[in-house]
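Enquirer: Quick one: the structure is below, questions incoming.
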Amino acid sequence: MQLLVFPSQGRTIRFKVVDEFGTPFEVTNCSICLHWITSGEKGEVIFSAGYNGCHVLRQDGRNHLRVQVEELLSTGAIAAIHDVNMICPKPTEHDLTPQQQPGRVRPVPHIYPPPSSIGAHLTQEQCSVVTGKIPCADTPGRAACFQAGCCYDETDRTTPCYYGNTVTVQCLMDGHFILVVSRDMSDHPIILDSIRLAYAQAGCDPIRMTEAFVIFRFPLMQCGTTVQVIHDKLIYENQLISGIDIQTGPDGSITRDSTFM
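If you're matching positions, the sequence shown starts at 1 in UniProt numbering and goes up one per residue.
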């Protein structure tokens with residue numbers, strides 16, 4: 001999908017996409033969201049969005065994307081705002097019937113518990129955390145622990161529910177993510193102090209780090225989070241990146257870590 005805008009003299013254009021809650025987000029060139037901004041030969045500004053890009057809704061066999069076009073003065077002040085509904089393929093004249101416009105609904109923080117079977121798939125090796133166990137679920141019991149995606153050991157009276165040797169993501173009722181990464185999640189130990197959230201702004205550093213785990217806690221729509229709507233599901237996505245540690249010896253170099261997502 002493409003939107004072409006010819007700016008007035010002395011003005012620049014800024015695009016914002018509007019999510020399903022009515023919240024606008026400024027558009028940047030992003031290969032993850034499939035959003036791009038380019039310039040044409042005649043001075044037009046072109047916003048392109050992929051069908052599977054962020055905030056693109058599939059309805060009635062068509063792709064819909066709500067866009068705000070802002071005209072900016074040289075001072076940066078907003079001179080005008082235009083709301084555009086991008087639809088592809090374009091509806092025919094027969095299809096053009098009045099529709100209710102979506103309201104501006106704000107998201108309410110909510111917890112989305114995974115199926116009761118989640119956590120049960122963790123292998124014995126993933127749950128073999130010898131030292132430095134970190135408590136997982138606040139609610140006691142095996143079922144709550146598995147719903148949180150963690151390991152449960154009824155013989156451990158101190159920390160029966162704990163994070164396993166994997167990556168655990170939890171969505172909290174206060175509108176935050178908890179992201180826990182184990183040093184032993186891959187074949188080779190990960191260098192925890194090199195792990196970071198991609199495309200994250202300041203304030204997205206880990207809240208806790210131990211010898212075996214690193215823990216992040218951040219709001220749903222910050223720290224590089226992108227959102228996609230696929231059918232009836234709202235999917236939040238972050239990229240997690242670690243550094244590469246190369247040990248150099250007389251016989252060559254050995255890579256102990258690798259970038260992962």
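Where is the CB? At the ideal position from N, CA and C, for every residue including glycine. Computed from a prediction, not measured in an experiment: that's the story for all the values here.
So residue 262 is in the alpha helix (DSSP H); what residue range does that whole segment cover?
Expert: What is shown of the chain runs 1 to 261, which leaves residue 262 out entirely.
Enquirer: Would you say the beta carbon of LYS133 comes nearer than 6 Å to a heavy atom of the ligand FAD?
Expert: Absence of the ligand FAD is noted for the structure shown, with no ligands found whatsoever.
Enquirer: Classify SER128: buried if its beta carbon has 16 or more other beta carbons within 10 angstroms, exposed otherwise.
Expert: Per the 10 Å Cβ criterion, exposed.
Enquirer: Pick out whichever of GLY141, SER8, GLN2 and THR28 has its Cα sitting closest to the Cα of TYR199.
Expert: Residue THR28 is the option with its Cα nearest to TYR199.
Enquirer: Ends of the beta strand (DSSP E) at TYR236?
Expert: From DSSP, the beta strand (DSSP E) with TYR236 extends over 233-237.
Enquirer: Anyone know if the C-beta pair for ILE134 and PHE15 falls short of 7 Å?
Expert: No, they are not a contact pair.
Enquirer: Is there contact here, the stretch 6-23 with the stretch 70-86, by at least three beta-carbon pairs under 8 Å?
Expert: Because the criterion of three Cβ pairs below 8 Å is met, the stretch 6-23 and the stretch 70-86 touch.
Enquirer: Where does THR226 land, buried or exposed, given buried means 16+ other C-beta within 10 angstroms?
Expert: Label assigned to THR226: buried.
Enquirer: By Cβ distance below 7 Å, which residues in the same chain neighbour GLY224 in space, the five residues on each side in sequence not counted?
Expert: Excluding residues within five positions, the ones whose Cβ falls inside 7 Å are LEU197, ALA198, TYR199, ALA200, ASN238 and GLN239.
Enquirer: DSSP three-state label for LEU3, please.
Expert: LEU3: strand per DSSP, three-state reduction.
Enquirer: Can you list, in chain order, the residues of its chain with a C-beta nearer than 7 Å to that of SER8? Leave out the 5 residues immediately preceding and following it.
Expert: Hits under 7 Å: GLU71.
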